[in-house]
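Inspection log for the structure reproduced underneath, given as structure tokens.
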RNA sequence: GACCUUGUAGUACAAUGGAUAGUACAAAAGUUUCCGAAGCUUUUGAUUCAGGUUCGAUUCCUGACAAGGUCGCCA
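Numbering (this note's numbering), first residue to last: 57 to 655.
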């Protein structure tokens, strides 16, 4: 997976390296830090972090209790700036970390708005996401794709990678021809402007019209005794579409002109949506420019004996030794297939950007395809090959089953965004906390909350799991949601507006459990980010931030900040609040979710 | 048929092989004379099944079962 270098040595790493050193001194045995298991200590036991001792029992030929006591004594004596105390229970060595460690961490970072970010590593990564077809508007599945892609790109940036966000637009092929034919037949020259329709929806409507007409024609043919397959092939509208595709490939001027016109309508619509949801790309590839790529690589592959030619002239690769099957890479008529284009595009992207890693955000129905793609690139020894990663995600389904455009059960991206914003408006008005906002401020707030809720909902679960979107239940502003976290942030900001932070040394004697829990959680933020980067999983960040907000809310309900026991406590808690707000902002930021000052 | 992914409370999700499996929604009961109640506190409730590896398995292996996906010219 992706290699990360983290220059900030966190407490867990410090514990590991001290334990390794202690073992070296006590038992003259070399132990790798990765073989030392550290857990957070369960709340029912005394301590912060726990070293699991069972692994050492055989090696040192001592009981876990003996090892625990020896290690504990050694470390509390020799590393007294880190370890304050220890206890051994069964095979677990529980350490209490010095309060000073937590307080120093807090003092050093509370004003650091770069906290969590890693210095650049020089690693360059391309992230490809969205990748729409141009015959219909974006839907909920695209939104999951876009939010995952945009999120992982930001997470990678934060963890020190240089990132190029990219998109391959599927702008050619039979699907767009369907919309074009239907437009010719039914539109009477109508345009998005003349009908006041968003361009992508406008073109999508003709795609629907095409299917309606095809269905009619097919039924008529079936009535004359044809099978369904025959009827679909022979329907006049389908024949016209195939002819149009041939004309497009031949470069027939009027077809090309129509194709450009309709695609541009779609792009205007897409751009509006991207802008609304806060997504962007550094480089867009169009399939009409790339679909012929890869042919020279087929030739090279034949020379290298990676590919072989069958009698009919089609070209294949045999992947049976890898547990896969034979796969075609070039048709008998010499044209490229999908995978050939992808190989070509991988090569071209590498030549253009020299990224050593490349992440493809693509649905899990293409798991097999991506596996084959990587394998072929490796066999061809393309420089991009080893850096290919597939961020695979599950489909978004409705309670009634899959979304099907033919049955009109697709949740349209623009619709759901508007719906979420509308609900956030309702909710905000009910609560009536921001009645002094201007209309502009209000609209911005509704957008931040509604869009935040949607984004969070789509990225908070493990990407590879399919998810069910229930319009009634999913739109929830309580619990494991963005508004809950945004609310926590707004509340902290309110406190900070009313109380001034003064930098000072803290009294280290009395760090309360709830105070310490938050600081400990804040301290692992960089690890949460690098883990999300390593696993290509933005949900790790979502869960982390939610837990932080939860911790803060529990703390806040029990301990007053403004009316703290004394000034020292008050300052300590203000510092905690400040860093919590900062981490919430950064964490939500990498997911593309803004956090308001008030809501 | 072969291969891939996923099976955890009523529902939706967590848990580098570690201690009594966490959280949210839903349900029930509390909680605003005091920093923002979109909050907090409490209660009820789960690892699909059968083997195996291990001091220890939700996690790893094998096999069932269930859901979804893919499998030579659609992208």
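Every residue, glycine too, gets a C-beta built ideally from N, C-alpha and C.
As the structure is a prediction and not an experimental result, all values here were calculated from the model.
Residue i - DSSP class collapsed to helix/strand/coil
i	result
residue 58	The predicted model places residue 58 with a pLDDT of 41, which falls under 50 and marks its position as unreliable; any figure quoted below should be read in that light. Note: residue 58 maps to coil in three-state DSSP.
residue 63	Residue placement at residue 63 cannot be trusted, given a pLDDT of 49 that sits under 50; the coordinates are not used to answer.
residue 223	strand
residue 338	coil
residue 85	coil
residue 118	coil
residue 214	helix
residue 73	helix
residue 552	helix
residue 197	helix
residue 563	coil
residue 183	strand
residue 636	helix
residue 347	coil
residue 557	coil
residue 189	strand
residue 537	coil
residue 494	coil
residue 1	Outside the modelled stretch of the chain, which goes from 57 to 655, sits residue 1, for which no answer is possible.
For residue i, the nearest candidate out of the options (CA to CA)
i	options	result
residue 413	424, 563, 178	178
residue 474	447, 95, 562, 509	509
residue 444	159, 132, 184	184
residue 73	264, 181, 131, 97	131
residue 615	570, 589, 582, 577	570
residue 588	515, 485, 619	515
residue 272	259, 256, 290	290
residue 147	175, 169, 113	113
residue 105	540, 142, 465, 274	142
residue 645	348, 531, 542, 191	542
residue 376	428, 489, 421	428
residue 276	293, 477, 253, 260	293
residue 566	521, 628, 592, 595	628
Short Cβ contact (7 Å threshold) for residue i with residue j
i	j	result
residue 544	residue 605	yes
residue 643	residue 206	no
residue 227	residue 330	no
residue 85	residue 107	no
residue 468	residue 195	yes
residue 215	residue 448	no
residue 213	residue 220	no
residue 555	residue 630	yes
residue 346	residue 397	yes
residue 186	residue 211	no
residue 574	residue 611	yes
residue 68	residue 92	no
residue 411	residue 433	no
residue 457	residue 477	no
Residue i - partner residues in DSSP beta bridges
i	result
residue 502	Bridge partners of residue 502: none, in fact.
residue 142	151
residue 468	195
residue 449	419
residue 454	457
residue 523	452
residue 95	106
residue 543	According to DSSP, which records beta bridges pairwise, residue 543 is partnered with nothing at all.
residue 484	Looking at the DSSP assignment, residue 484 forms no beta bridge with any residue, so it has no partner.
residue 364	372
Quick check on the DSSP output: what are the complete alpha helix (DSSP H) runs of length 4 or more inside the stretch 413-446, in order along the chain? Unbroken alpha helix (DSSP H) runs of no fewer than 4 residues, entirely contained in the stretch 413-446, are found at 423-435, following chain order.
Starting from the N-terminal side, write out each stretch of the alpha helix (DSSP H) that is 4 residues or longer and does not extend beyond the stretch 371-411. Secondary structure within the stretch 371-411: the alpha helix (DSSP H) runs of 4 or more consecutive residues, fully enclosed, are 394-409 (chain order).
Which runs of the alpha helix (DSSP H) at least 4 residues long sit entirely within the stretch 574-627? Give them in chain order. Taken in chain order, the whole alpha helix (DSSP H) runs of length 4 or more contained in the stretch 574-627 are 581-591, 595-614.
Which residue spans inside the stretch 149-175 form an unbroken alpha helix (DSSP H) run of at least 4? The qualifying runs are 155-165.
Could you tell me which uninterrupted alpha helix (DSSP H) segments, each at least 4 residues in length, are contained entirely in the stretch 224-311, listed from first to last along the chain? Look at the stretch 224-311 and you find these whole runs of alpha helix (DSSP H), each 4 residues long or longer: 230-242, 248-251, 255-279, 284-290, 292-306.
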